[in-house]
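Each protein sequence line maps, in turn, to chains A and B. When you line the first sequence up against the working numbering, it's residues 1 to 411, in that order. When you line the second sequence up against the working numbering, it's residues 412 to 822, in that order. Note sheet for the following structure.
2 protein chains.
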Amino acid sequence: MNLYPNFSFQIIQKSHKSEARCGLLNTPHGVVETPNFIFCGTKASIKNLTPRDFANEGTQIILANTYHLMLNGGADLMEKHGGIHKLMGWNGPILTDSGGFQVFSFGYGTVANEIKGRRDGGKNNRPSMIFKIAEEGVTFRSYVDGAKKIITPEISIETQRKIGADLILVFDECTPFHVEKDYTENSMHLSHRWGKRSFDYFVAKNDFRQALYGIVQGGVYEDLRKTSVNFVNNEDFFGIAVGGSLGQNKSQMHDITASTMSHVNRTRPVHLLGIGGFADIIHGVECGIDTFDCVHPTRIARHGCAIVRPNILNKFSKTVPLKQNNEFISLKNNIFKEFDGPIDDDCQCYTCKNFSTAYIHYLIKANENLFMSLLSIHNIHQMNKLMKSIRNDIHQHGDLQETKKAWLMDF
Amino acid sequence: MNLYPNFSFQIIQKSHKSEARCGLLNTPHGVVETPNFIFCGTKASIKNLTPRDFANEGTQIILANTYHLMLNGGADLMEKHGGIHKLMGWNGPILTDSGGFQVFSFGYGTVANEIKGRRDGGKNNRPSMIFKIAEEGVTFRSYVDGAKKIITPEISIETQRKIGADLILVFDECTPFHVEKDYTENSMHLSHRWGKRSFDYFVAKNDFRQALYGIVQGGVYEDLRKTSVNFVNNEDFFGIAVGGSLGQNKSQMHDITASTMSHVNRTRPVHLLGIGGFADIIHGVECGIDTFDCVHPTRIARHGCAIVRPNILNKFSKTVPLKQNNEFISLKNNIFKEFDGPIDDDCQCYTCKNFSTAYIHYLIKANENLFMSLLSIHNIHQMNKLMKSIRNDIHQHGDLQETKKAWLMDF
């Protein structure tokens, strides 16, 4: 029996130099061209933007977080009022996570650091808000009202059914950082049992509106990743998500991603959870990953930062000393007071076509929150531009050389 | 000599039952159909909205505040970078005030209360930030960096030249509240001398990009208002603004407005400063006022409130007890959790066409600032709808009966 009659994933172009591929991910709310990026609308709102704003910049798919919607009353509201699409006024595809990542992230405070390979993973540890991780599920304290709550695989899937996103995820344990291999292995097996319970509950309630992704765990251990991929391959999930810690640095992250991807069933769409750097995305695509998500583009916008390609970084760096990472600039910097032009002359986003860097700098200094909207618009446009460049490269050249030239600093 | 060759005000329809009229106010950045409402973009940004957002809801003209732009570096930035229109990405008409109202409002803390006839005018008095009011101008402390600053009529006009709005205002003293008649009279004469200096400086520097409004002061005293109107009538101002305190209550405000307006030169456009209530606008239009401004529609949006006509208020009041004033509702109220429909079924704004009241209530409760944008969009649309209804009434019926029926609670 086809569990997913209203969904399909067609691979329409394969690279001859890597595992990169272009696909069409069909959902009841429209098609996603892959590779693509999924923007975070945590509580059913992409912060400071209307759906009109992010649709105009080429967005095809967004996500919302089950954990937040459960605790803030959003899930119940959506059940009563016709689902998340209608409620938030976005009729395109939506994915929800299972709550697994966030219950542990809020619980331990540092799961996000671990996944992203930040070396200061343990430094800002918050007190645990998790009471108990048991076979049944996770008991934790709500950050909204302090109440004791539980998430089980069945509750996660039921909550995701209430929300009504197109693509949904199994419930998993996001393994804490810096644990021994045997913890990671036990945790992975727990996630598999939860994955199976998520699947069974999903099948029992399936009304064909949603498609379920399994999640690959196994931490930084190649053998565990292989075991976990086999589990996911062998269940009738619509898609495969790669979760958990991928390593302590970029190099290890890329190695683990590659070895994990070497085992996956290549007929299904594959999502890499929580990763959004240019190099990481490009490398992931070359391993065969189809979709990515990260809160980064919209979060840094709220801190006054604009995503830019290396040519823009180099342009500004020539004029003035500019503290920078490789992928964005902070417009708070006083040097931008003097820049009359847009952030990026080649950018076709609403912000770059209508506003100068000096104006955005001025808005930040004057505490006018419009800068958050303007920079979110720019950053979303840039990520969509990157993904479009990747798709064009695969279609036209079969490799990602053009994208790498334009988007990577030291290529 | 015509000081304003690039500006004109044509009266295209007069009411036969009142002094109401429809006009076309032509500026180098387009036409304003009058009567109309001017929305506040205090620091060259309508908070939480892009120009695309407020243009889509029918906005024809906005204003910015010279006082804030002077202290936040906005005026200098605009001078360097081609003016306020280019900087903020709005190519329609803009008005700037002179800084007079705000230097005194920030100084005494309560001028706004006085103008609006609030009885608690003196209660929340802040410590004065004004050092000295002298013939030369006002010395005060900057709220941005604590520096000692001065505004004189010449500095006000020069700053407004840097900003580059289409319509600009003379510098005036906004008379403090609860003062005796002789203070008000002396203050009015000071404002006249400052108005003349503003005019002389404007004429000396006139490059025909801007048109200057004189300001009528005189407080609640009909004889002083008449004297002040005569002063403004006799100078070659393009337009006339009515400023200062209009009384302690709505009734006195309407009386003072009417008696003041009975003396004005009716060939010029007339602006009523800082007034935005439905009844006050309708009454003002009947006295011959052409434009209004108030921060109210966008400010209450940021506090979770939606402007509604009486029929919407009545609809909600039937279902549940609703604490209300006559012109808006607070969507924070838990009763809105249950309302699946838009704020107003008849409203054609982006918000009402795409989002439910329940979603906006949820966003407020979840601290998702998108509610500020959505409610600002709705409130701007409603004010523009009111002004359009007034214009239609004048054109079609010659009176405002239809508008009053739709917009006033006890009509």
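Note that CB positions come from ideal geometry on N, CA and C, so glycine has one too.
Is it right to say residue i is buried, meaning 16 or more other beta carbons lie within 10 angstroms of its own, or is it exposed?
i: A545 (chain B); result: exposed
i: K385 (chain A); result: buried
i: N379 (chain A); result: buried
i: E591 (chain B); result: exposed
i: Y183 (chain A); result: exposed
i: A652 (chain B); result: buried
i: A204 (chain A); result: exposed
i: D634 (chain B); result: exposed
i: G752 (chain B); result: exposed
i: A75 (chain A); result: buried
i: G30 (chain A); result: exposed
i: M1 (chain A); result: exposed
i: H395 (chain A); result: exposed
i: S639 (chain B); result: buried
i: H682 (chain B); result: buried
Please list, in chain order, all residues of the same chain as residue i whose beta carbon is under 6 Å from its beta carbon, the five residues on each side excluded.
i: L363 (chain A); result: L370, F371
i: K226 (chain A); result: H263
i: I711 (chain B); result: F739
i: E490 (chain B); result: K573
i: A622 (chain B); result: Y415, F418, L578, F649
i: S198 (chain A); result: P153, I157, V170, F171
i: N265 (chain A); result: N233
i: T461 (chain B); result: none
Using CA atoms only, rank isn't needed, just tell me which of the options is closest to residue i.
i: A64 (chain A); options: A:F7, A:E154, A:T34, A:R161; result: A:R161
i: D166 (chain A); options: A:V138, A:I84, A:M188, A:D223; result: A:I84
i: F9 (chain A); options: A:D293, A:T267, A:A55, A:D255; result: A:T267
i: E749 (chain B); options: A:H81, A:I46, A:G137, A:Y143; result: A:H81
i: I472 (chain B); options: B:L480, B:G452, B:Y478; result: B:G452
i: R141 (chain A); options: A:H29, A:L71, A:D280, A:S373; result: A:L71
i: I438 (chain A); options: A:N26, A:T59, A:V32, A:T260; result: The question about residue 438 (chain A) has no answer, for chain A in this structure spans 1 to 411.
i: S509 (chain B); options: B:G484, B:T477, B:F517; result: B:T477
i: V549 (chain B); options: B:V555, B:V514, B:G557; result: B:V514
i: I457 (chain B); options: B:I805, B:G809, B:L785; result: B:L785
i: G276 (chain A); options: A:C294, A:L190, A:I343, A:P176; result: A:C294
i: G23 (chain A); options: A:I307, A:A55, A:D280, A:T291; result: A:T291
Measure from the C-beta of residue i to each C-beta in chain E and report whether the shortest distance is under 9 Å.
i: R52 (chain A); result: Absence of chain E from the displayed structure is noted, the protein chains being A and B.
From residue i to residue j, what distance separates their C-alpha atoms?
i: I163 (chain A); j: Q217 (chain A); result: 25 Å
i: E286 (chain A); j: G89 (chain A); result: 34 Å
i: G92 (chain A); j: D346 (chain A); result: 27 Å
i: K413 (chain A); j: G715 (chain B); result: An answer regarding residue 413 (chain A) cannot be provided, because it is not within the stretch 1 to 411 covered by chain A.
i: G243 (chain A); j: C174 (chain A); result: 8 Å
i: G288 (chain A); j: K17 (chain A); result: 11 Å
i: S15 (chain A); j: Y213 (chain A); result: 24 Å
i: S598 (chain B); j: R604 (chain B); result: 10 Å
i: I423 (chain B); j: A769 (chain B); result: 43 Å
i: I541 (chain B); j: K661 (chain B); result: 29 Å
i: V144 (chain A); j: E779 (chain B); result: 14 Å
i: F39 (chain A); j: K365 (chain A); result: 27 Å
Below 7 Å CB to CB, which residues in the same chain sit around residue i once its five sequence neighbours on both sides are set aside?
i: R309 (chain A); result: A406, W407
i: K123 (chain A); result: Only weak support is given to the placement of K123 (chain A): the predicted model assigns it a pLDDT of 44, under 50, and the question is left unresolved by the model.
i: M387 (chain A); result: P35, N36, F37
Could you name the residues of chain A that residue i contacts, counting a contact when the two beta carbons are closer than 8 Å?
i: M481 (chain B); result: Per Cβ cutoff of 8 Å: no residues; M481 (chain B) is ~12 Å from chain A at best.
i: K458 (chain B); result: E368, N369, L370
i: Y761 (chain B); result: T50, R52
i: L786 (chain B); result: Ordered by position in chain A, no residue passes the 8 Å Cβ test against L786 (chain B), which lies about 12 Å from the chain.
Strictly below 7 Å CB to CB, what residues from chain A border residue i?
i: H492 (chain B); result: D340, S356, A358
i: Y554 (chain B); result: Here the premise fails: no neighbours, minimum Cβ distance about 12 Å.
i: G500 (chain B); result: N354, F355
In chain A, which residues lie less than 9 Å from residue i when you measure between Cβ atoms?
i: K454 (chain B); result: Y362, L363, A366, N367, E368
i: K592 (chain B); result: Ordered by position in chain A, no residue passes the 9 Å Cβ test against K592 (chain B), which lies about 39 Å from the chain.
Kindly list, in the order they appear in chain B, the residues whose Cβ is closer than 7 Å to that of residue i.
i: N6 (chain A); result: The premise fails here: N6 (chain A) is roughly 24 Å from chain B at the closest Cβ pair, so nothing lies under 7 Å.
i: L77 (chain A); result: A769, Y773
Ordered along the chain, which non-local residues of its own chain (more than five positions away) have a Cβ less than 8 Å from that of residue i?
i: Y612 (chain B); result: P564, E565, I568, E569
i: E235 (chain A); result: G195, K196, F199, G214
i: E468 (chain B); result: C760, Y761, I788, I791, H792, N795
Which residues of chain B have a Cβ atom closer than 9 Å to the Cβ of residue i, listed in chain order?
i: D149 (chain A); result: The sequence given here has Lys at residue 149 (chain A), not Asp. Under the 9 Å cutoff, chain B gives no residues; its nearest Cβ is about 17 Å from K149 (chain A).
i: Y67 (chain A); result: Those do not exist, as Y67 (chain A) stays about 13 Å from chain B at its closest Cβ, beyond 9 Å.
i: G73 (chain A); result: K748, Y773, K776, A777
Following a CB-centred definition, is residue i positioned closer than 8 Å to any heavy atom of the ligand COA?
i: I692 (chain B); result: For the structure depicted, the ligand COA is absent and the ligand set is empty, with no information on it obtainable.
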